[in-house]
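**Student:** Residue numbers (this note's numbering), protein chains in the order written: chain A, 487 to 855; chain B, 212 to 556.
From the three backbone atoms N, C-alpha and C, an ideal C-beta is built for every residue, glycine too.
Sharing a structure with you now.
Dropping the structure here:
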């Protein structure tokens, strides 16, 4: 009996956020006046663009480290790789693959660093990973803004700011649309970048496979309880670092896929929002800070970007002011993360209180809780 | 030798490096044509502008709610106070004091709700506070457009509705507190007595509050919740009180900042205050669960000193503006460092 109510409650807290989102979107779609073709195209493009980034968040959640806001480290690694590939003038599929290969050592290094830092901040991984992202962004800025040119040699002078050093604020990438256009299917007015979806599918397969390996099982065990895992002989700290490294490397690939779709890189602000949008997407898909799967990632990406697409137009038609819709969707993206974090933490605290009360054998207080 | 080691350990290696860096900047400043008295004047003014915001960290740290990344909640209350006082078109001290009073009322309400929320999610306060701060700012972005403000100096000129991004308080209460008892030593050095006095009053209030029975109870909740519970202290109530206090001080702090700066900044502006204020108190030697007035004073001087001195001295020395990057790296590095330190029980 107790188990049933628990499951019911879990289902409810699990689907509050996606349901809320679905309702908001269903209400705003007719108001936004967009055609079905336009919306479908938009959603497909955004799914192809963002899913990989969202998938990169799954493994740290499995390892009990919450949402890895430090995925921006990987995003930065991807951007650095793309800048160099563009500088060397390598375009096409070769350029894209080279960027992916180049991003890996940077991601590995940054991921190891992030994992080691987070091991020293157990219990507050999320806030630490977030601030760590800001910190590394500062170093990233320093390297690109001051060292590129004089210290790190560049071949193409048009990538460098007119003052003689530092990478330009926007970089036109040589790998624009490479993956999307590799196999591009057009049904009616709707275009589908098949190759990109194949890559995303491969990432999903990787995650499914990985969860079944020894390391994957270890990660799950560490996520359930670090003390128990340690007693069972699992190297807890090492496993946690590995989950962050994989997440960072995947985020690097994700950012490369994202940017080949966009075509231009905002050198100094491109990675800022990556973690927010990825986290919001995953949580909108019904994931919690402790449990996330591939369906959460894909459904969430679709739903979140549907909202992102229709909200400014809907807001404009309702209030007559374009800015309101703009602000509303930013508010919703942050609000969704906030709400999901609160729901999860609240539930955890309630469970803990209940355990304590039942341990004391005091049944009256449970009702009040 | 042991004494030196102990001193370094007590003072904190990070603080020592920054302090040494700052001293070095002051020492070499005259070589690069930066006037020392101008620099000191700047540091004092910035100290007056920011110290109360940093002070607002203390109650929440003491009660165990962690670093107040949700500072924007308090700032919004203060900003509301500011723009409402402009609606009444009050000038001078009356204007700024009204702004503060209204801000305090809003901050009490917001702080209460914010505190109740934080009570439901113990253990995850910091990440949730950060996101509550973000959400509050973006929610208010819509409100700044929709709320019916009428004063022509506050609303956007061409439409007559929706608040401006920055509102000048020049004709109302610009420097109302800064000018109070201001001492001009020479052309370059001014001592903002009013602001320093205001900070001293606030700091003393906080200091003596934590000496009262209520204040001690809050500290007890922060340092040992189980003991506090056993002593019959209501943990949730104490935490809520501390959050309300932090929010109220934050609201007063932003009004102080505005009157000296001369502008009320709206929309995304409150986001720019939380992380620097957190970094400053940490730089002053506070930890995630312990902070004192001394930490606030030392931290604000070091942090603002660094912000003042790096652009002027380093730009003059090497002609490259690295101050922004230095600010990002040091402030966030400081926060990461504090979060990864083993908590002393």
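(1) Which same chain residues end up closer than 7 Å to residue 327 of chain B when comparing Cβ atoms and leaving out the 5 residues on each side of it in sequence?
(2) Would you say residue 761 of chain A and residue 557 of chain A are within 8 Å of each other, going by their C-beta atoms?
(3) Could you tell me if residue 791 of chain A is buried or exposed, where buried requires 16 or more neighbouring beta carbons within 10 angstroms of its beta carbon?
(4) Going by beta carbon distance, what residues of the same chain come within less than 8 Å of residue 313 of chain B, once the five residues before and after it are set aside?
(5) Could you give the DSSP three-state label for residue 774 of chain A: helix, strand or coil?
(6) Please report whether the beta-carbon of residue 807 of chain A lies at a distance below 8 Å from any beta-carbon of chain D.
(7) Using a Cβ-Cβ cut-off of 8 Å, state whether residue 741 of chain A counts as contacting chain B.
(8) Please report the distance separating the alpha-carbon of residue 301 of chain B from that of residue 381 of chain B.
(9) Going along chain B, which residues have a C-beta under 8 Å from residue 614 of chain A?
(10) Does residue 505 of chain B pass the burial test, meaning 16 or more other C-beta atoms within 10 Å, or should it be called exposed?
(11) Chain A beta carbons: is any one of them nearer than 8 Å to that of residue 544 of chain B?
(12) Hey, residue 778 of chain A and residue 768 of chain A: beta-carbon distance below 8 Å or not?
(13) Run through the DSSP bridge pairs and tell me what residue 476 of chain B is partnered with.
(14) Apart from the five residues on each side of it in sequence, which residues of its chain come closer than 8 Å, Cβ to Cβ, to residue 802 of chain A?
(15) Beta carbons nearer than 7 Å to chain A: which residues of the segment 263 to 293 of chain B have them?
(16) Is residue 627 of chain A close to chain B, meaning its C-beta is less than 8 Å from at least one C-beta of that chain?
(17) Figure out for me which residue from A:688, A:721, A:713, A:687 has the closest Cα to the Cα of residue 702 of chain A.
(18) Output needed in chain order: residues of the segment 343 to 366 of chain B with a Cβ under 8 Å from some Cβ in chain A.
(19) Grouping DSSP H, G and I as helix and E and B as strand, with all else coil, what is residue 307 of chain B?
(20) Hey, how far is the Cα of residue 765 of chain A from the Cα of residue 820 of chain A?
(21) Less than 8 Å between the C-beta atoms of residue 544 of chain A and residue 831 of chain A, yes or no?
(22) Does chain B have any CB closer than 8 Å to the CB of residue 835 of chain A?
(23) Any residues in the segment 721 to 747 of chain A with a beta carbon nearer than 7 Å to a beta carbon of chain B? Which ones, in chain order?
(24) Using the beta-carbon count (16 or more within 10 Å), is residue 565 of chain A buried or exposed?
(25) Between residue 503 of chain A and chain B, is any beta-carbon pair separated by less than 8 Å?
(26) Compare the beta carbon distance of residue 259 of chain B and residue 436 of chain B with 8 Å and say whether it is the shorter of the two.
(27) Any beta carbon of chain A sitting closer than 8 Å to that of residue 437 of chain B?
(28) For residue 331 of chain B, which three-state DSSP category applies?
(29) Please check the pair residue 550 of chain B and residue 610 of chain A, which I expect to be a contact at CB under 8 Å, by giving their CB distance rounded to whole angstroms.
(30) Our contact map puts residue 568 of chain A next to residue 659 of chain A with C-beta atoms below 8 Å; I'd like the distance itself, whole angstroms only.
(31) Does the separation of the CB atoms of residue 737 of chain A and residue 560 of chain A fall below 8 Å?
(32) Is the CB of residue 377 of chain B under 8 Å away from at least one CB in chain A?
(33) May I have the straight-line CA-CA distance separating residue 433 of chain B from residue 448 of chain B, to the nearest angstrom?
(34) Tell me, please, whether the CB atom of residue 754 of chain A is closer than 8 Å to any CB atom in chain B?
(35) Near residue 725 of chain A, which residues of its chain fall below 6 Å by C-beta distance, leaving aside the five closest residues on each side in sequence?
(36) Whole angstroms is fine: what's the gap from residue 234 of chain B's alpha carbon to residue 357 of chain B's?
**Tutor:** Quick look at the numbers:
(1) To locate residue 327 of chain B, count along the second chain from 1; it is residue 116. Cβ-Cβ distances below 7 Å link residue 327 of chain B to 451 in the same chain, with the five nearest sequence neighbours on each side left out; the list follows chain order.
(2) As a working mapping, residue 761 of chain A is identified with position 275 in the first chain. As a working mapping, residue 557 of chain A is identified with position 71 in the first chain. It is a contact, given that the beta carbons lie within the stated cut-off.
(3) Taking the first chain and counting its residues from 1, one reaches residue 791 of chain A at position 305. Residue 791 of chain A is buried by the Cβ-count criterion.
(4) Counting from 1 along the second chain, the entry for residue 313 of chain B is found at position 102. Answer for residue 313 of chain B: 291, 292, 295, 296, listed in chain order.
(5) Looking up residue 774 of chain A in the first chain gives position 288. Of the three classes helix, strand and coil, the one that applies to residue 774 of chain A here is coil, per DSSP.
(6) Going by chain labels, chain D is absent from the structure shown, which instead holds the protein chains A and B.
(7) Translated into the one-based positions of the first chain, residue 741 of chain A becomes position 255. No - not a single Cβ of chain B is within 8 Å of the one on residue 741 of chain A.
(8) Counting from one through the second chain, the residue named residue 301 of chain B turns up at place 90. Counting from one through the second chain, the residue named residue 381 of chain B turns up at place 170. Approximately 12 Å, taken between the alpha carbons.
(9) Working through the first chain from its first residue, we reach residue 614 of chain A at position 128. Near residue 614 of chain A (Cβ distances below 8 Å), the residues of chain B are 547, 550, 551.
(10) Against the second chain, residue 505 of chain B aligns to sequence position 294. Exposed, because fewer than 16 other Cβ atoms sit within 10 Å of the Cβ of residue 505 of chain B.
(11) In the second chain, the residue the question calls residue 544 of chain B occupies position 333. The beta carbon of residue 544 of chain B sits closer than 8 Å to some beta carbon of chain A.
(12) Here the question's residue 778 of chain A lines up with position 292 in the first chain. Here the question's residue 768 of chain A lines up with position 282 in the first chain. The criterion of a C-beta distance shorter than 8 Å is satisfied by residue 778 of chain A and residue 768 of chain A.
(13) Residue 476 of chain B sits at position 265 when you count from the first residue of the second chain. In DSSP, residue 476 of chain B forms a bridge with B:377.
(14) Along the first chain, read from residue 1 onward, the residue named residue 802 of chain A stands at position 316. Answer for residue 802 of chain A: 808, 810, 811, listed in chain order.
(15) Listed in sequence order: no entries.
(16) Here residue 627 of chain A is taken as the residue at index 141 of the first chain, counted from 1. Among the residues facing chain B, residue 627 of chain A is included, as its CB has a counterpart in that chain under 8 Å away.
(17) Walking along the first chain from the start, residue 702 of chain A turns up at place 216. Minimum Cα distance to residue 702 of chain A is reached at A:721.
(18) When CB distances to chain A are screened at a threshold of 8 Å, the residues of the segment 343 to 366 of chain B falling below it are 343, 345, 346, 349, 350, 352, 353, 356, 357, in chain order.
(19) On the second chain, residue 307 of chain B is found 96 positions in, with the first residue counted as 1. If DSSP states are grouped into helix, strand and coil, residue 307 of chain B belongs with the helices.
(20) Along the first chain, one-based indexing puts residue 765 of chain A at 279. Along the first chain, one-based indexing puts residue 820 of chain A at 334. Between the alpha carbons of residue 765 of chain A and residue 820 of chain A lies a gap of roughly 10 Å.
(21) As a position in the first chain, residue 544 of chain A is number 58, starting the count at 1. As a position in the first chain, residue 831 of chain A is number 345, starting the count at 1. With respect to the 8 Å criterion, residue 544 of chain A and residue 831 of chain A are not classified as neighbours on the basis of their beta carbons.
(22) Position 349 of the first chain holds residue 835 of chain A. Yes, because at least one Cβ of chain B sits closer than 8 Å to the Cβ of residue 835 of chain A.
(23) Of all residues in the segment 721 to 747 of chain A, none has a Cβ within less than 7 Å of some Cβ in chain B.
(24) As a working mapping, residue 565 of chain A is identified with position 79 in the first chain. Residue 565 of chain A sits buried, since 16 or more C-beta atoms from the chains shown fall within 10 Å of its C-beta.
(25) Looking up residue 503 of chain A in the first chain gives position 17. So no, residue 503 of chain A is outside the interface.
(26) Stepping through the second chain from its first residue, residue 259 of chain B is reached at position 48. Stepping through the second chain from its first residue, residue 436 of chain B is reached at position 225. Their beta carbons are not under 8 Å apart, which means residue 259 of chain B does not touch residue 436 of chain B by this criterion.
(27) For the purposes of this step, residue 437 of chain B is taken as residue 226 along the second chain, with counting starting at 1. Not closer than 8 Å to any Cβ of chain A, the Cβ of residue 437 of chain B fails to qualify, so no.
(28) As a first step, residue 331 of chain B is located in the second chain; it is residue number 120 there, counting from the start. Reduced to three states, the DSSP call for residue 331 of chain B is helix.
(29) Here the question's residue 550 of chain B lines up with position 339 in the second chain. Here the question's residue 610 of chain A lines up with position 124 in the first chain. With a Cβ gap of about 6 Å, residue 550 of chain B and residue 610 of chain A count as contacting.
(30) Residue mapping note: residue 568 of chain A aligns to position 82 of the first chain, counting from 1. Residue mapping note: residue 659 of chain A aligns to position 173 of the first chain, counting from 1. About 6 Å; that satisfies the 8 Å criterion.
(31) Numbered from its first residue, the first chain carries residue 737 of chain A at position 251. Numbered from its first residue, the first chain carries residue 560 of chain A at position 74. In this structure, residue 560 of chain A lies closer than 8 Å to residue 737 of chain A by Cβ.
(32) In the second chain, residue 377 of chain B corresponds to position 166, counting from 1. Contact of residue 377 of chain B with chain A is not assigned, every C-beta pair being separated by 8 Å or more.
(33) Sequence index remark: in the second chain, residue 433 of chain B carries index 222 (1-based). Sequence index remark: in the second chain, residue 448 of chain B carries index 237 (1-based). Rounded to the nearest angstrom, the two C-alpha atoms are 12 Å apart.
(34) Here residue 754 of chain A corresponds to residue number 268 of the first chain, with the count starting at 1. With respect to chain B, the C-beta atom of residue 754 of chain A has no partner C-beta closer than 8 Å.
(35) Locating residue 725 of chain A in the first chain gives position 239, counting from the first residue. Excluding sequence neighbours, residue 725 of chain A sits near 704, 705, 708.
(36) The residue given as residue 234 of chain B occupies position 23 in the second chain. The residue given as residue 357 of chain B occupies position 146 in the second chain. Those two C-alpha atoms are separated by around 48 Å.
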